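Note sheet for the following structure.
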Amino acid sequence: MSLPESRAITSYVAERFKETGYDLIRHQNIKEAALVKVWTEVESQQFHPAIAPIIFQFLVAPLQGNLPDQTIIDTNLEKLGKVLDIYEAKLTSTKYLAGDFYSLADLHHLPYAYYLMKTPAASVVNERPHVKAWWEDISSRPAFKKVAEGMNFGEK
């Protein structure tokens with residue numbers, strides 16, 4: 092079987108190995124599972140479309156010999172800020188997006204947020220105390236720290 096999409100891959104892995112450790116989908120609680128699905132959709136439909144162009148402008152465009160387009164960055168920072176305002180409100184009452192448990196919804200944010208935090212646009216996270224605390228929590232997990240060692244985009 093071949094899965095070309097990262098969200099499908101992580102969902103497959105979470106399903107396949109749910110009995111061996113941590114249940115990232117929350118199979119034992121239908122309400123929690125539904126919240127994981129909601130926040131996974133928010134990531135793919137709201138967070139990702141706003142953050143991806145920012146990352147492209149800061150990290151990919153220079154590799155292609157282009158200067159970052161500040162208009163694209165600013166437009167998408169405004170969109171991302173609105174999404175993160177919703178996250179900020181949610182994270183005032185729970186530790187993680189779907190509840191007081193780490194889930195696939197949080198995991199899906201790691202790659203692009205990791206790169207964002209290496210840019211001047213990191214302030215969009217840092218100026219929101221609950222989002223910043225959430226980011227510091229999810230990015231400091233040992234498994235992600237190990238993965239992050241290999242995520243040096245364009246760095247030598």
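All residue numbers for the sequence shown refer to our numbering, where the first residue is 92 and numbers rise by one.
Just so you know, even glycine gets a beta-carbon here, dropped at the ideal spot from N, CA and C.
Predicted model, so just to flag it, every value in this text is computed and none were measured.
Here the alpha carbons of Pro153 and Asn167 stand approximately 18 Å from one another. The three-state secondary structure of Glu169, taken from DSSP, is helix. A residue is called buried once 16 or more other Cβ atoms fall within 10 Å of its Cβ, and Val238, having fewer, is exposed.
Contact between the region 199-206 and the region 167-176 is not established, with fewer than three Cβ pairs separated by less than 8 Å.
Every unbroken stretch of the alpha helix (DSSP H) spanning 4 or more residues and falling wholly within the region 206-242 is given here in chain order: 214-217, 220-230 and 233-239.
Cβ-Cβ distances below 6 Å link Ala189 to Leu126, Val127, Trp130 and Ala196 in the same chain, with the five nearest sequence neighbours on each side left out; the list follows chain order.
In this structure, the beta-carbon distance from His221 to Glu179 falls below 7 Å. Leu188 sits in coil when the DSSP states are folded into three classes, being neither helix nor strand. Membership of Ile142 in the alpha helix (DSSP H) is indicated by the continuous run His139 to Ile146. Residue state for Thr162 is assigned as helix, using DSSP reduced to three classes.
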